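Everything below concerns the one structure shown next.
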Amino acid sequence: MVSAHPRCANSRAHARTQAKPFAERADRTHLQRKPDFLPIEFLVVGGAITGLSAAIALSRAGHKVTVLEHMPSFSETPMGAGCRIPPNATKLYYRWGMQERLRSCSIKSRGVVFARYDSGSVVGVHDWEDGILEETGGDFLLMHYTDLRRVLAECAAEHGAVLRASCHVVDIHADPQRPYVALASGEVLTADVIIGADGSHVGPYRCRRVILKALGQEDVEKPTGMQLFNAILPGSAVDELGDPELLKQIRAGGVFTWFGPGHGALGFPIKEPKTGEPLFTLYVYAPSDDQDIRVRLVDREVLLKALEGRDSRLSKLAQHAKEVSLVPMVDRPYLDDWIHPRGRVIALGEAAHPIPVGSIYSLGMTACDAAVLGRLFAHLHRKDQIDSFLNAIPEIRTPRIERVIRAATGNIFAVSLPPGVAEARDRVLRERAERGIKELGTGGMGAQTSEEMIQAIEGIFGYDPEDDADDWWVQWGLTQERAARMVVSDAVAVHVNENLEREES
98 MVSAHPRCAN SRAHARTQAK PFAERADRTH LQRKPDFLPI EFLVVGGAIT GLSAAIALSR
158 AGHKVTVLEH MPSFSETPMG AGCRIPPNAT KLYYRWGMQE RLRSCSIKSR GVVFARYDSG
218 SVVGVHDWED GILEETGGDF LLMHYTDLRR VLAECAAEHG AVLRASCHVV DIHADPQRPY
278 VALASGEVLT ADVIIGADGS HVGPYRCRRV ILKALGQEDV EKPTGMQLFN AILPGSAVDE
338 LGDPELLKQI RAGGVFTWFG PGHGALGFPI KEPKTGEPLF TLYVYAPSDD QDIRVRLVDR
398 EVLLKALEGR DSRLSKLAQH AKEVSLVPMV DRPYLDDWIH PRGRVIALGE AAHPIPVGSI
458 YSLGMTACDA AVLGRLFAHL HRKDQIDSFL NAIPEIRTPR IERVIRAATG NIFAVSLPPG
518 VAEARDRVLR ERAERGIKEL GTGGMGAQTS EEMIQAIEGI FGYDPEDDAD DWWVQWGLTQ
578 ERAARMVVSD AVAVHVNENL EREES
């Protein structure tokens, strides 16, 4: 039986590298497998972005991956929304061979426009310079969630992952050697490692709950008093506003951000998945006293009521919504430990570290979790390394996630949620964000905004998780390997000496 490797996050500081220009990094488009590489079996519970990203990263390395998804299809997504993919995620997806496909079904975001939520008056504009984005190695892409999921599923299958839809997981059993999942059909599937990638916002998120229970950690779901409305509109809805400036910004790939205390909205263009026709995504954040935390469809009138007294353009846009999703904003705790205490079940993405719905960081953090997972397991050549590699993932990722959230809050260049929503409960941070927007409106960046742009590019969007995984391998993985070889060598020497002594006697 393989014993759990002792957690080392509390006993040593893990060194980090500064973000390097993309051109200076090693070419990782094609992985070179070592002669002694050991492929093992992974079961991934959840076939959304986290699960598919993990499947690609692992199957590229040469492992056997099966993805279990409860929905009937990987190419269709109920209540699919528009999404924003940050450069630290697109960089990885480009490296993994999806650049052409992603660009063909997306719109490259060129900047952000900030407007008052009540009056609609524009108070700040920021355009991303090509040279700045080149430093990150990726792009800001705007696309339909259905298209993103489809492209990832295609890539995972091309790399050899097995994708199984309509699989309803009813039980997950941790084990230090061969964990297993039970399906509603009665089928039981085993693997060397189970990846929990079934999220935290839409039930049943079974992996997260299994680990919470095993840890004795309370499963807290606390409504924040805010809600997100999501609607996808025909592109003609923007044309009918009769607003040339807004139309110009949208056609240029701009993200239009309305902000105000405790309220906000985001609007950006995307493409229709089947036809490529222009669509417009509208996110609206509004207060709520509803204790129902289910994600659900609501009537358009509910959205219109939430927009009363706000920028009239928002109501005019919302009139075109044929389907409106309501996502309550709920505080959920990070897992105290991503790994099941009985072994070899690990949570990734939103299952491990839930963040506010609609945040751009959900996709970025998901892709980075998957990249670290795949990069570490590319070094596997003995099964007794499995636990060490699993333990390294939260050791590497947890401090990083906490730093990103701290750095992004109040930073207008981090473009996560509308200013005033993410900082609604912190007056100082809200004022910081609003000062940054005012500086943009003067026609040039002030000291605050220029510094914050550098923080966003170098500290968030320019980050490469595979650098961190490589650092861990060089600093700790190889050290463990040398120690293991010394133990084996000593054991062999003792064995030989014992045989010689017996022969001499």
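Counting in the numbering used here, the sequence shown runs without a single skipped number right up to 602 at its last residue. All residues carry an ideal CB built from backbone N, CA and C; glycine is no exception. The model shown is predicted, which means the values in this text are computed figures rather than measured ones.
For Leu155, the enclosing alpha helix (DSSP H) starts and ends at 146 to 158. Within its own chain, the residues whose Cβ lies closer than 8 Å to the Cβ of Asp340, once the five positions on either side in sequence are excluded, are Arg410, listed in chain order.
Counting along the chain, no alpha helix (DSSP H) covers Met240; the unbroken beta strand (DSSP E) around it starts and ends at 238 to 241. Less than 8 Å divides the Cβ of Leu312 from the Cβ of Asp434. Cα atoms of Tyr380 and Asn488: separation of roughly 37 Å, rounded to the nearest angstrom. A residue is called buried when at least 16 other Cβ atoms come within 10 angstroms of its Cβ; Glu447 meets this threshold and is buried. Nearest C-alpha to Ser385 among Glu337, Trp355, Glu342, Leu325: Leu325.
With contacts defined by Cβ atoms closer than 8 Å, Val442 and Pro169 do not form a contacting pair. Bounds of the alpha helix (DSSP H) holding Tyr190 are 184 to 190. Within the stretch 289 to 320, the complete beta strand (DSSP E) segments of 3 residues or longer fall at 290 to 293, listed in chain order. For Pro491, the secondary structure class from DSSP, reduced to helix, strand or coil, is helix. Around the beta-carbon of Val571, fewer than 16 other beta-carbon atoms lie within 10 Å, marking it exposed. Rounded to the nearest whole angstrom, the C-alpha separation of Ala467 and Arg397 is 37 Å.
By the C-beta density criterion, Lys419 is exposed, having fewer than 16 other C-beta atoms within 10 angstroms. Gln577 has its alpha-carbon roughly 59 Å from the corresponding atom of Asp215.
Taking all protein chains in view, the Cβ of Val454 is crowded by 16 or more other Cβ atoms within 10 Å, so the residue is classified as buried. Within the same chain, and ignoring the five residues on either side of Thr187 in sequence, the residues whose Cβ sits closer than 6 Å to its Cβ are Gly235, Asp236, Leu238. The continuous stretches of alpha helix (DSSP H) do not include Ala271, and DSSP gives it neither H nor E. For Gly351, the enclosing beta strand (DSSP E) has its first and last residue at 351 to 357. Annotation for His298: Val392, Val424, Val427, Glu447, Pro451, Val454 place their beta carbon closer than 8 Å to its own, counting only its chain and skipping 5 residues before and after.
Rounded to whole angstroms, the gap between the alpha carbons of Asp568 and His256 is 26 Å. In the displayed model, Asp564 falls within a helix according to three-state DSSP. Closest in C-alpha terms to Ile436, from the list Pro301, His417, Gly293, comes Gly293. Per DSSP, the continuous beta strand (DSSP E) segment holding Ile443 begins and ends at 442 to 444.
Counting the other Cβ atoms within 10 Å of the Cβ of Leu344 gives fewer than 16, which makes it exposed.
The stretch 241 to 254 makes contact with the stretch 184 to 199; the number of CB pairs closer than 8 Å reaches 3 or more. Residue Leu165 holds the alpha-carbon nearest to the alpha-carbon of Val285 among Gly357, Gly208, Leu165.
Burial state of Lys131 is exposed, judged by a 10 Å Cβ sphere holding fewer than 16 other Cβ atoms. Excluding sequence positions up to five before and after Phe474, its CB lies within less than 7 Å of the CB of Leu155, Ala158, His160, Phe486, all in the same chain and listed in chain order. Of all alpha-carbon atoms in Thr287, Val317, Glu231, the one lying nearest the alpha-carbon of Val162 is that of Thr287. Taking every protein chain shown into account, the CB of Arg181 has 16 or more other CB atoms within 10 angstroms, so this residue is buried. With the rule of 3 Cβ pairs closer than 8 Å, the stretch 346 to 356 counts as touching the stretch 200 to 216.
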